[in-house]
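Just add 17 to wherever you are in the sequence shown, counting from 1, and you've got the numbering used here.
Beta carbons are placed, not taken as given, at the ideal position from N, Cα and C, and that holds for glycine.
What you are looking at is a predicted structure, and each value in this text was computed from that prediction instead of being measured.
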Amino acid sequence: MITKQALGSTLFGMADILRDKVEDYKAYILSLLFFKRLSDNYEWETENEIKEFIKREGRQPTERELEIIMREKHDFKIPEGCFWKDVRDASPDKKNEKLNKAVNEIADANVDRNGKAVLKGVINTVRWNEPAPDGSGSKKLSPQVLTALVSYLDAVDLSNKNASVDVLGDAYEYLIKRFADENKGGTTAGQFYTPQEVVDIIVRYLKPQKGNTVYDPTCGSGGFLINAAKYCKANYNNAKAIRIFGQEDVWNTWAIANINMILHGLDARIEKGDTILDPKFTEEDDELAIRQFDLCMANFPFSQENWTKTGSPKKDSKGKTINKKDGSPQLEYPKEGYSDPYERLVYGTPPYSNGDFAFLQHIIASIKDDGKAGVVCPQGVLFRGQPEKTEEEDGQNRKADDEYLIRRGFLQGKIDHNGEFTEMHNIIDAIVVLPGNLFYGTTIPGAILFINKNK
18 MITKQALGST LFGMADILRD KVEDYKAYIL SLLFFKRLSD NYEWETENEI
68 KEFIKREGRQ PTERELEIIM REKHDFKIPE GCFWKDVRDA SPDKKNEKLN
118 KAVNEIADAN VDRNGKAVLK GVINTVRWNE PAPDGSGSKK LSPQVLTALV
168 SYLDAVDLSN KNASVDVLGD AYEYLIKRFA DENKGGTTAG QFYTPQEVVD
218 IIVRYLKPQK GNTVYDPTCG SGGFLINAAK YCKANYNNAK AIRIFGQEDV
268 WNTWAIANIN MILHGLDARI EKGDTILDPK FTEEDDELAI RQFDLCMANF
318 PFSQENWTKT GSPKKDSKGK TINKKDGSPQ LEYPKEGYSD PYERLVYGTP
368 PYSNGDFAFL QHIIASIKDD GKAGVVCPQG VLFRGQPEKT EEEDGQNRKA
418 DDEYLIRRGF LQGKIDHNGE FTEMHNIIDA IVVLPGNLFY GTTIPGAILF
468 INKNK
């Protein structure tokens, strides 16, 4: 059996082959790794089942019996001609097409009881035969580079025989962290990785219990959810003691989260979409009622501008777009506040220019009356806003008052349209202030809010 350190280092060697060859090379590596894991494990499981059959029956299985073994003894189906060996043995000029065909057929072959293709967009998130953008007719990922990548990974046995669920899952997380480290100053690293120390603090506070439902509305690569399962493994010897739910808006990151769950052997429902505008977890009998969970943990996008997607570029008197110092356009928003069809904004309507309190109110709406949450947020949510009212009612000038009132509501209770308290309740259990430059992709100092609806 290989160790997670050795496997992680070996797998990261794939980056040396791909780096500077394609953008977002992590998606290529993680997708190829997942394909090989499914293929290696399928063949290893089949081999074991045949050995058990021979031991039990004293003979080789018939063709029909072998078909049953192939169909019923695996978590995932792999159609004929779509195994790793089929891609490996294809000639270099056919390898891109062969791999692309294999992952697409595997995606189509695996459906749940409701007919949903569970690996669609997960195993085939990369288009392996995509043409180069220069119109030359060549491949974006050259056959030579793909051949080198396949040859390198071919030497690693990724079946359970050599790499257990725990080892492979941890190695996968190691890769995710290494990729984040390489792009720490970039804007994308924070989308899929939260520092482990922060994750540990939140999981230890929440203390997931057997039977709990655990939810991350902006789950990235799924680190919070994986660590909640690990907590259950350590305390109850059962990583599946909780039910896991998550949502992620970025397509490749959503795919990475799904792969992460599968490689850790977890049953999880990870949905794709904008959590604020298109929340996927609603009540079965009312699609506008937010589903509630026992526990929630999140590291949402800090200070997201235009979170309602209703902003439009501001124009000068000549109709020319007015830009900010960074070159991006200034936005102007509707005069009226945002009306949430899901009725989550019970503490007040956040300004259009900053979505922090929209995410926080979604999280509060998503936990049960006795539920808890641990949320990473920018420190600005602790002090932004003024108690004085302003006369102007456009989205920008209302910012200070709205955020002050929302924060006051968290500490004192819900407020009606007249500014009167309708329910006295402090839901903030504790606050941990974090240093700046801790999170990937931003220098904004953060904090952790611990929310408890049943104090």
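**Request:** For my contact list, residue 71 and residue 86 are in at a C-beta cut-off of 8 angstroms; report their separation, rounded to the angstrom.
**Result:** The sequence position of residue 71 within the sequence shown is 54, counting from 1. The sequence position of residue 86 within the sequence shown is 69, counting from 1. Wrong, their Cβ atoms sit about 11 angstroms apart, outside the cutoff.
**Message:** For residue 165, which residues in the same chain have their Cβ closer than 8 angstroms to its Cβ, ignoring the five residues on either side in sequence?
**Reply:** The sequence position of residue 165 within the sequence shown is 148, counting from 1. If we look at residue 165 and ignore the five residues flanking it on each side, its Cβ neighbours are 34.
**C-beta atoms of residue 148 and residue 122 nearer than 8 angstroms** = One-based indexing of the sequence shown puts residue 148 at position 131. One-based indexing of the sequence shown puts residue 122 at position 105. The answer is no: Cβ separation not under 8 angstroms.
**Request:** Have a look at residue 300 and residue 286 and give me their C-alpha separation to the nearest angstrom.
**Result:** Sequence index remark: in the sequence shown, residue 300 carries index 283 (1-based). Sequence index remark: in the sequence shown, residue 286 carries index 269 (1-based). Residue 300 and residue 286: Cα-Cα distance of roughly 15 angstroms.
**Request:** Please list, in chain order, all residues of the same chain as residue 211 whose beta carbon is under 6 angstroms from its beta carbon, the five residues on each side excluded.
**Result:** On the sequence shown, position 194 is the one that residue 211 refers to. If we look at residue 211 and ignore the five residues flanking it on each side, its Cβ neighbours are 240 and 316.
**Message:** By alpha-carbon positions, which one of 357, 447 and 24 ends up nearest to residue 465?
**Reply:** Numbered from its first residue, the sequence shown carries residue 465 at position 448. Per the Cα distances, 447.
**Message:** Are the CB atoms of residue 156 and residue 141 within a distance shorter than 8 angstroms?
**Reply:** What you label residue 141 is simply residue 124 of the sequence shown in a count that begins at 1. What you label residue 156 is simply residue 139 of the sequence shown in a count that begins at 1. Taking 8 angstroms as the Cβ cut-off, residue 141 and residue 156 do not qualify as a contacting pair.
**Item:** DSSP three-state assignment for residue 149, whether helix, strand or coil
**Value:** Within the sequence shown, the letter at position 132 stands for residue 149. It is coil, neither helix nor strand.
**Item:** Residues bridged to residue 465 (per DSSP)
**Value:** Against the sequence shown, residue 465 aligns to sequence position 448. Note: residue 465 is bridge-paired with 393 and 449 in the DSSP secondary-structure output.
**Request:** Quick one: grab the DSSP three-state call for residue 135.
**Result:** Within the sequence shown, the letter at position 118 stands for residue 135. It is coil, neither helix nor strand.
**Asked** When DSSP builds the beta bridges, which residues end up paired with residue 98?
**Response** If you number the sequence shown from 1, residue 98 lands on position 81. Answer is none; residue 98 lacks a bridge partner.
**Request:** Grab the span of the alpha helix (DSSP H) containing residue 375 for me, first residue to last.
**Result:** Walking along the sequence shown from the start, residue 375 turns up at place 358. Per DSSP, residue 375 belongs to the alpha helix (DSSP H) from 373–382.
**Asked** Can you tell which of 279, 226 and 154 has the C-alpha that lies nearest to the C-alpha of residue 238?
**Response** Against the sequence shown, residue 238 aligns to sequence position 221. The shortest Cα separation from residue 238 among 279, 226 and 154 belongs to 279.
**Prompt:** Under a three-way DSSP split, which group does residue 399 fall into?
**Reply:** Reading the sequence shown from its first residue, position 382 is the one you call residue 399. If DSSP states are grouped into helix, strand and coil, residue 399 belongs with the helices.
**Residues that DSSP places opposite residue 128 in a beta bridge** = Counting from one through the sequence shown, the residue named residue 128 turns up at place 111. According to DSSP, residue 128 bridges with 134.
**Prompt:** When you compare only the Cα positions, how much space is there between residue 152 and residue 158?
**Reply:** Indexing the sequence shown from 1 puts residue 152 at position 135. Indexing the sequence shown from 1 puts residue 158 at position 141. Rounded to whole angstroms, residue 152 to residue 158 spans 14 angstroms at the Cα level.
**Asked** Do three or more CB pairs link the stretch 127–137 to the stretch 252–262 at distances below 8 angstroms?
**Response** no
**Message:** Under DSSP, the alpha helix (DSSP H) around residue 31 begins and ends at which residues?
**Reply:** Numbered from 1 along the sequence shown, position 14 holds the residue referred to as residue 31. Per DSSP, residue 31 belongs to the alpha helix (DSSP H) from 21–35.
**Message:** Looking only at its chain, what residues have a beta carbon closer than 7 angstroms to the beta carbon of residue 242, apart from the 5 residues adjacent to it on each side?
**Reply:** For the purposes of this step, residue 242 is identified with residue 225 of the sequence shown, where counting begins at 1. Excluding residues within five positions, the ones whose Cβ falls inside 7 angstroms are 231, 233, 236, 261, 263 and 285.
**Prompt:** Since residue 191 is in the alpha helix (DSSP H), which residue starts that stretch and which ends it?
**Reply:** Your numbering for residue 191 matches position 174 in the sequence shown. Its alpha helix (DSSP H) spans residues 182–199.
**Prompt:** How big is the Cα-Cα spacing for residue 461 and residue 400?
**Reply:** If you number the sequence shown from 1, residue 461 lands on position 444. If you number the sequence shown from 1, residue 400 lands on position 383. Residue 400 has its alpha-carbon roughly 14 angstroms from the corresponding atom of residue 461.
**Message:** Judging by CA-CA distance, which residue of 311, 282 and 375 is the nearest neighbour of residue 321?
**Reply:** Here residue 321 refers to the residue found at position 304 of the sequence shown. The shortest Cα separation from residue 321 among 311, 282 and 375 belongs to 375.
**Request:** Would you kindly check if the distance between the Cβ of residue 358 and the Cβ of residue 305 is under 8 angstroms?
**Result:** Sequence index remark: in the sequence shown, residue 305 carries index 288 (1-based). Sequence index remark: in the sequence shown, residue 358 carries index 341 (1-based). Against a cut-off of 8 angstroms, the Cβ pair of residue 358 and residue 305 comes out as a contact.
**Request:** Taking 8 angstroms as the threshold, find out whether the stretch 177–186 comes into contact with the stretch 98–114 through three or more Cβ pairs.
**Result:** no
**Prompt:** Comparing alpha-carbon positions, which option in 138, 373 and 327 lies nearest residue 353?
**Reply:** As a first step, residue 353 is located in the sequence shown; it is residue number 336 there, counting from the start. Out of 138, 373 and 327, 327 has the C-alpha closest to the C-alpha of residue 353.
**Own chain partners of residue 463 with C-beta closer than 7 angstroms, once the 5 adjacent residues on each side are dropped** = For this step, residue 463 is matched to residue 446 along the sequence shown. The residues are 393, 394, 395, 396, 451, 455 and 456.
**Item:** Simplified DSSP state of residue 249, which is helix, strand or coil
**Value:** Indexing the sequence shown from 1 puts residue 249 at position 232. DSSP places residue 249 in helix when its eight states are reduced to three.
**residue 7 (DSSP reduced to helix, strand or coil)** = In the structure as shown, the chain starts at 18 and stops at 472, and residue 7 therefore has no counterpart that could be examined.
**Asked** Once you ignore the five residues that flank residue 443 on each side, which residues in its own chain have a CB closer than 7 angstroms to its CB?
**Response** For this step, residue 443 is matched to residue 426 along the sequence shown. Excluding positions up to five away in sequence, the list reads 428, 429 and 472.
**Message:** If I measure Cβ to Cβ from residue 412 and keep anything under 6 angstroms in the same chain, skipping five residues before and after, which residues do I get?
**Reply:** Locating residue 412 in the sequence shown gives position 395, where the first residue counts as 1. Low per-residue confidence applies at residue 412: pLDDT is 47, beneath 50, and the placement is therefore not dependable enough to give any value.
**Nonlocal neighbours in the same chain, by C-beta distance under 7 angstroms from residue 366, ignoring five residues either side** = On the sequence shown, residue 366 is found 349 positions in, with the first residue counted as 1. The answer, listed in chain order, is 354, 355 and 419.
**Asked** Taking Cβ positions, are residue 222 and residue 467 nearer each other than 8 angstroms?
**Response** One-based indexing of the sequence shown puts residue 222 at position 205. One-based indexing of the sequence shown puts residue 467 at position 450. Yes; because the gap between Cβ atoms is below 8 angstroms, this pair is in contact.
**Message:** Here's a check: name, in chain order, each residue in its chain whose Cβ is nearer than 8 angstroms to the Cβ of residue 38, leaving out the five neighbours to either side.
**Reply:** Indexing the sequence shown from 1 puts residue 38 at position 21. Answer for residue 38: 158, 159 and 162, listed in chain order.
**Asked** Buried or exposed: where does residue 415 fall if 16 or more other Cβ atoms within 10 Å of its Cβ makes it buried?
**Response** Along the sequence shown, read from residue 1 onward, the residue named residue 415 stands at position 398. With a pLDDT of only 47 at residue 415, under 50, the local geometry of the prediction cannot be trusted, and the value read off the model is given with reservation. Buried is the call here.
**Request:** Would you identify the three-state DSSP class for residue 175, choosing helix, strand or coil?
**Result:** Counting from 1 along the sequence shown, the entry for residue 175 is found at position 158. The answer is coil: DSSP assigns residue 175 none of H, G, I, E or B.
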